[in-house]
Amino acid sequence: MASEAVFATTSPATGEELEAIEATTLEAIPEIVSRARDAQEKWAEVPLEKRIKAVEKVKHRILERAEEIAKLVHLETGKPEEEALLGEVLASGDVVGYWAEVLPEELEPEEAEIDALSYPKKSGWIHREARGTLGVIMPWNFPFALPLRTIVPALMAGNAVVFKPSELTPRTGRLLASLFDGLLPDGVLGVVQGGGDAGARLCASDVDLVVFTGSPATGRKVAHACADRLVPCALELGGKDAAIVLADADLERTANGIVWGAMMNAGQNCGAVERVYVESKVAKELTEKIVAATKALRLGTDVGPLTSAAQRSVVERHVTAAKEAGGQILAGGESVDEKGAKLGYRPTVVKIDDEKNPLVAEETFGPVVPITEVADVEEAIKRANASRYGLTASIWTKDVSAGEKLARRLRAGVVTVNNHSFTGAIASMPWTGVGETGWGVTGSVHALDHLTRPRLVLLDRNRAKRETWWYPYTPTLKKLALAFAAVRGGATGIGGRVSAVLALLGLLPKRMKELRTGKPAASE
Ligand code: NAD
Numbered sequence: 041m042a043s044e045a046v047f048a049t050t051s052p053a054t055g056e057e058l059e060a061i062e063a064t065t066l067e068a069i070p071e072i073v074s075r076a077r078d079a080q081e082k083w084a085e086v087p088l089e090k091r092i093k094a095v096e097k098v099k100h101r102i103l104e105r106a107e108e109i110a111k112l113v114h115l116e117t118g119k120p121e122e123e124a125l126l127g128e129v130l131a132s133g134d135v136v137g138y139w140a141e142v143l144p145e146e147l148e149p150e151e152a153e154i155d156a157l158s159y160p161k162k163s164g165w166i167h168r169e170a171r172g173t174l175g176v177i178m179p180w181n182f183p184f185a186l187p188l189r190t191i192v193p194a195l196m197a198g199n200a201v202v203f204k205p206s207e208l209t210p211r212t213g214r215l216l217a218s219l220f221d222g223l224l225p226d227g228v229l230g231v232v233q234g235g236g237d238a239g240a241r242l243c244a245s246d247v248d249l250v251v252f253t254g255s256p257a258t259g260r261k262v263a264h265a266c267a268d269r270l271v272p273c274a275l276e277l278g279g280k281d282a283a284i285v286l287a288d289a290d291l292e293r294t295a296n297g298i299v300w301g302a303m304m305n306a307g308q309n310c311g312a313v314e315r316v317y318v319e320s321k322v323a324k325e326l327t328e329k330i331v332a333a334t335k336a337l338r339l340g341t342d343v344g345p346l347t348s349a350a351q352r353s354v355v356e357r358h359v360t361a362a363k364e365a366g367g368q369i370l371a372g373g374e375s376v377d378e379k380g381a382k383l384g385y386r387p388t389v390v391k392i393d394d395e396k397n398p399l400v401a402e403e404t405f406g407p408v409v410p411i412t413e414v415a416d417v418e419e420a421i422k423r424a425n426a427s428r429y430g431l432t433a434s435i436w437t438k439d440v441s442a443g444e445k446l447a448r449r450l451r452a453g454v455v456t457v458n459n460h461s462f463t464g465a466i467a468s469m470p471w472t473g474v475g476e477t478g479w480g481v482t483g484s485v486h487a488l489d490h491l492t493r494p495r496l497v498l499l500d501r502n503r504a505k506r507e508t509w510w511y512p513y514t515p516t517l518k519k520l521a522l523a524f525a526a527v528r529g530g531a532t533g534i535g536g537r538v539s540a541v542l543a544l545l546g547l548l549p550k551r552m553k554e555l556r557t558g559k560p561a562a563s564e
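Heads up, the sequence shown is in my numbering, so the first residue is 41 and it goes up one at a time.
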């Protein structure tokens, strides 16, 4: 039976028909996973430097084909080519370079600490091993950069990957995978094309980890599927980012930053500004500036269309709900199908004070900025933290050190002071969240906690016939354990500690003798 994935065949950017892409049959998915699994063992045995060298070649291919990649991303998603070049192509080149540079040191075995008195002649080494075969399931909003943020370090670290792009961006997914042609042994990178059913089948296949980026609703299903198989998953889900504007902020920069943060990728960014909390003293002035900057945006040039009709109807529903609740539409507020924006929505600013309204409470994923006036910073933080999401947040103030202190109080994985969410394009910085945004981490060495697992190898050079804690259990062993407890902190005062050490020194030879003979000490 074929997968039921329905691939968009019409470009949201131009309205032109795009080449049809065949879905992977559901039956083929476990086979692709099993091929990846077979290939992974050998791939992990290839020395790290060789794996890095092989994968690193992809950087040149990405940069060489920059324009072609950006064009295809533009065609499939509708985002302006400038955004595709900056946020997808250049960022991905950096991702390859970053991991090639840091992995040799990060994956170096590390010596484990071990107390030589309690555990004589032993040493421990912690190796970071590949997790195994990974299912990597991705959304459509950054169809090139997001998968590579996981696939590149995963492969370099010795994993095999079975990658499922979104059904809305299968061509970008296919192009991405083709960049690895000839660089990897067969099967190490597999591709599954399809929709939710294909994703579900991939999660139910023999993968060792699922790295998932997408909506909380699907993330929940992925978590259940992984729980059933008792394998881990790394989830990066939705966001409802707050921008907090303090009265002392540089309002010109703040307005421009907020408008970019909200409208970039037509707002279809997990880290988009989706709520603005501004101190009342500057609310009017900031709002005017945001409205002016929003009205200056050119549809189709600065802000592309929504990627799908379904996404546009979410935006329409949220703006309608805001209007019905008394929200004031200060700019935009309607769908538009102009040239170059077949699924367009006018960049929109809404003044609203209703935390329960869908526009303020749910992820909109569209070019809309809801602005709420607050009495002071405490109210702003309280409202910002009340969201069930917690991806990124920003604080806008001229007092950077005050901003830094406030940042520590925000319930978010990334907090930027006087900027918003751009760090998602920087390979060395962790991108992660709290709450229903999920716990996945991409970017920075922290991502290795998902992609690798520690394996301890303990080497024992002790020639003694028995260890202190082995049989026979005797009263001397009990006394010795109590003496250790006293020495390690149980004894009080100098006198107590000295007599604990003396007791320990007296007991050790007795216990040694027991271990040599295998019999309890004679005195007992
Ligand atoms: P989605 O959840 O609809 O789909 C994501 C992927 O999951 C797609 O490939 C889809 O085919 C697949 N899928 C669907 N059902 C599945 C199932 N039952 N099992 C396994 N896979 C299944 O999300 P979307 O609409 O593609 O993307 C938008 C969402 O992604 C937004 O919520 C956005 O905030 C989020 N996102 C988060 C981040 C982040 O870093 N936190 C980044 C980008 C996007």
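Ideal placement from N, C-alpha and C gives every residue a C-beta, glycine not left out.
The beta carbon of Arg506 sits closer than 6 Å to the beta carbons of Leu555 from its chain, once the five residues preceding and following it are set aside; these are given in chain order. Rounded to the nearest angstrom, the Cβ distance from Arg449 to Val474 is 13 Å, too far for a contact under 8 Å.
Within the same chain, and ignoring the five residues on either side of Gly172 in sequence, the residues whose Cβ sits closer than 8 Å to its Cβ are Arg77, Gln80, Asn199, Ala200, Val247, Asp248, Leu249. Around the C-beta of Arg211, 16 or more other C-beta atoms lie within 10 Å, and the residue is accordingly described as buried. The beta strand (DSSP E) runs of length 3 or more contained entirely in the region 479-515 are, from start to end of the chain, 492-500.
Between Ala185 and His114, the CB-CB gap reaches or exceeds 8 Å. A straight line joining the alpha-carbon of Ala265 with that of Val231 spans about 20 Å. Contact check for Ser434 against His460 passes: the beta carbons are separated by less than 8 Å.
Counting only residues of its own chain and dropping the five nearest sequence neighbours on each side, Asn502 has a CB closer than 8 Å to the CB of Pro160, Lys161, Lys162.
When Ala60, Thr65, Ser132 are compared, the shortest CA-CA separation from Val95 is found for Ser132.
Between Val135 and Leu188, the CB-CB gap stays under 8 Å. Closest in alpha carbon position to Ala106, among Gly127, Leu346, Val322, is Gly127. The beta carbons of Ile177 and Gly239 sit closer together than 8 Å. Counting only residues of its own chain and dropping the five nearest sequence neighbours on each side, Thr294 has a CB closer than 7 Å to the CB of Val285, Leu326, Trp436. Secondary structure of Ser353 (DSSP, three-state): helix.
In the structure shown, the three-state DSSP call for Trp436 is strand. Taken through DSSP and simplified to helix, strand or coil, Ser441 comes out as helix. In the assembly as shown, Gly536 is an exposed residue. Its beta-carbon has fewer than 16 other beta-carbons within 10 Å. Fewer than three pairs of CB atoms, one per stretch, sit closer than 8 Å, so the region 412-430 makes no contact with the region 336-343. With a cutoff of 7 Å, Ile72 does not count as near the ligand NAD, since its C-beta is closer than that to no heavy atom of the ligand. Checking the DSSP bridge columns, you'll see Arg168 partnered with Pro494. For Lys82, the number of other beta carbons within 10 angstroms of its own is below 16, and it is reported as exposed. Taking non-hydrogen atoms of the ligand NAD into account, the C-beta of Asn199 is found less than 7 Å away from none of them. Residue pairing of Trp471 in beta bridges, as defined by DSSP: Thr482. Rounded to the nearest angstrom, the gap between the Cα atoms of Glu150 and Val271 is 26 Å. Taking C-beta atoms as the reference points, Gly279 and Glu403 count as a pair closer than 8 Å.
Ile177 is bridged by DSSP to Lys204, Phe252. In this structure the region 485-498 does not lie against the region 531-549, because fewer than three pairs of beta carbons, one per stretch, are closer than 8 Å.
When secondary structure is reduced to three states using DSSP, Ile534 falls in the helix class. Going by DSSP, Glu276 is part of the beta strand (DSSP E) stretching over 273-276. A direct Cα-to-Cα measurement between Pro193 and Gly227 gives close to 17 Å. A direct Cα-Cα distance of roughly 44 Å separates Ser218 from Ala361. Taking 8 Å as the cut-off, the beta carbon of Pro470 is found closer than this to the beta carbon of His486.
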